[in-house]
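Participant:
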Amino acid sequence: MISLKGKTAVITGASRGIGKAIASTVAGLGVNVVIAARQVEPLIETANELKRKFKVKVLPVSCDVTSLPDLENLVKEAKEEFGKIDILVNNAGVSSQHPFEKQPFEDFERLVHTNYLGYVRLIRLVINDMIERKSGAVINMVSGSTLCDPLPRNFLVYSSLKVGLRAFSKGLFWELRDHGIKITSILPGVTDTDLTGKLKEITGDSSRLMTTEAIENAVKFALTVPANVCPLEIAVINQQTPWTAPVIPYKQAHPGK
Ligand SMILES: NC(=O)c1ccc[n+]([C@@H]2O[C@H](COP(=O)([O-])OP(=O)(O)OC[C@H]3O[C@@H](n4cnc5c(N)ncnc54)[C@H](OP(=O)(O)O)[C@@H]3O)[C@@H](O)[C@H]2O)c1
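So the sequence shown is numbered by our numbering: it starts at 257 and just counts up by one.
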């Protein structure tokens, strides 16, 4: 297995949920981690926890991925501390579940800026150094909902942006293929985190939701395959909760009835 010891990873949305789990996995592989999120307190708590558990350096940086100056500062602080960024895990994300006709307008902007633009901008900020070094790995947290056609009800804007992100990631891999950079999309199924709090209520049986463990394994796999291989997409779908009836009951009556 390829050794990642001494490398540096920037992980967004790493103060809780999937991002925090990934930060632990990556730190466990000997990688120094720069963890980013908006709220400082949980970020510092996570940093202290990682420092206690793993023998790596941890730099917490308060960052709102919807802000370009914040993203620029994140990259600047990471490079000042560690010299270079070997791995970028674009993970910060928000959810908004509403029937489209009732979805608040401000949610559209929040979703676009966090779940799509934040990813593309941060990749743009780190990619030229990776191209110059002819190495680097970018992991984008997409969503298992992108496998559904049509997209799941109540998730149209969220999921369609994830479809866009997935398409962008795949295209970027082909565009940068000759530069030795790995671009991987992870497509998690419904996972037990704060983001799915509402789904937990709907599901009524939280044991049907996945834990972050399978996603951590997917990230580990993506980062440790041989240098001449790139796992382009890894879908980690739970057996018991597809994005359809069991999780989101289709109770909506047909308007004609
Ligand atoms: N959970 C699932 O079932 C599931 C399924 C498919 C895909 N995903 C994707 O996986 C990713 C992580 O989801 P999760 O379930 O772990 O969510 P979560 O538990 O709600 O955690 C979200 C993380 O992102 C950070 N964050 C949110 N908005 C941010 C912003 N504007 N700038 C910087 N950080 C921000 C949060 O910290 P602050 O609030 O302090 O900023 C937190 O650390 C998301 O991209 C999500 O779409 C999740």
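For each residue, glycine too, the CB sits at the ideal point set by N, CA and C.
#1: Taking Cβ positions, are Ala478 and Ile343 nearer each other than 7 Å?
#2: What three-state label does DSSP hand Met386 in the structure shown?
#3: Would you kindly check if the distance between the Cβ of Leu421 and the Cβ of Asp448 is under 7 Å?
#4: Would you kindly work out how many angstroms separate the C-alpha atoms of Lys261 and Asn410, rounded to a whole number?
#5: Can we count Val321 as close to ligand 1, meaning its CB is less than 6 Å from some heavy atom?
#6: Would you mind sorting Ile439 into buried or exposed? The rule is 16 or more other CB atoms within 10 Å of its CB.
#7: Ends of the alpha helix (DSSP H) at Gly400?
#8: Skipping 5 residues on each side, what residues in its chain have a beta carbon closer than 6 Å to that of His369?
#9: Are Thr268 and Phe338 closer than 7 Å when you measure CB to CB?
#10: Under three-state DSSP, which class holds Val321?
#11: I need the boundaries of the beta strand (DSSP E) containing Ser441, first residue and last residue.
#12: Just how far apart, CA to CA, sit Lys309 and Ser259?
#13: Which value, in whole angstroms, describes the spacing of the CA atoms of Ser401 and Ser425?
#14: Under 6 Å: does the beta carbon of Ala293 sit that close to some heavy atom of ligand 1?
#15: So if DSSP puts Met466 in a beta bridge, which residue, or which two residues, is it bridged to?
#16: Express the C-alpha separation of Val382 and Lys335 in angstroms, rounding to a whole number.
Facilitator: Result, derived from the coordinates:
#1: Stepping through the sequence shown from its first residue, residue 478 is reached at position 222. Stepping through the sequence shown from its first residue, residue 343 is reached at position 87. No. Outside cutoff.
#2: Stepping through the sequence shown from its first residue, residue 386 is reached at position 130. In this structure, Met386 counts as helix in the three-state DSSP scheme.
#3: Here residue 448 corresponds to residue number 192 of the sequence shown, with the count starting at 1. Here residue 421 corresponds to residue number 165 of the sequence shown, with the count starting at 1. No, the pair does not count as a contact, with Cβ atoms beyond the cut-off.
#4: Here residue 261 is taken as the residue at index 5 of the sequence shown, counted from 1. Here residue 410 is taken as the residue at index 154 of the sequence shown, counted from 1. Those two C-alpha atoms are separated by around 42 Å.
#5: Counted from its first residue, the sequence shown places residue 321 at position 65. Val321 Cβ: within cutoff of ligand 1.
#6: For this step, residue 439 is matched to residue 183 along the sequence shown. Ile439 is buried by the Cβ-count criterion.
#7: Within the sequence shown, numbered from 1, the residue matching residue 400 stands at position 144. It is not in any alpha helix (DSSP H) - Gly400 carries neither H nor E in the DSSP assignment.
#8: The residue labelled residue 369 in the question sits at position 113 within the sequence shown. For His369, where only same-chain residues beyond five positions count, the Cβ hits under 6 Å are Thr322.
#9: For the purposes of this step, residue 268 is taken as residue 12 along the sequence shown, with counting starting at 1. For the purposes of this step, residue 338 is taken as residue 82 along the sequence shown, with counting starting at 1. The answer is no: Cβ separation not under 7 Å.
#10: Counted from its first residue, the sequence shown places residue 321 at position 65. Note: Val321 maps to coil in three-state DSSP.
#11: Start at 1 with the first residue of the sequence shown, and residue 441 comes out as number 185. Ser441 -> beta strand (DSSP E) spans 437–444.
#12: Numbered from its first residue, the sequence shown carries residue 309 at position 53. Numbered from its first residue, the sequence shown carries residue 259 at position 3. One C-alpha to the other measures close to 19 Å.
#13: Along the sequence shown, read from residue 1 onward, the residue named residue 401 stands at position 145. Along the sequence shown, read from residue 1 onward, the residue named residue 425 stands at position 169. Approximately 16 Å between the Cα atoms of the pair.
#14: Here residue 293 is taken as the residue at index 37 of the sequence shown, counted from 1. Flag set: Cβ of Ala293 near ligand 1.
#15: Translated into positions along the sequence shown, residue 466 becomes position 210. The partner list for Met466 (beta bridge, DSSP) reads Thr447.
#16: Numbered from 1 along the sequence shown, position 79 holds the residue referred to as residue 335. Numbered from 1 along the sequence shown, position 126 holds the residue referred to as residue 382. Taking the straight line joining both Cα atoms gives about 10 Å.
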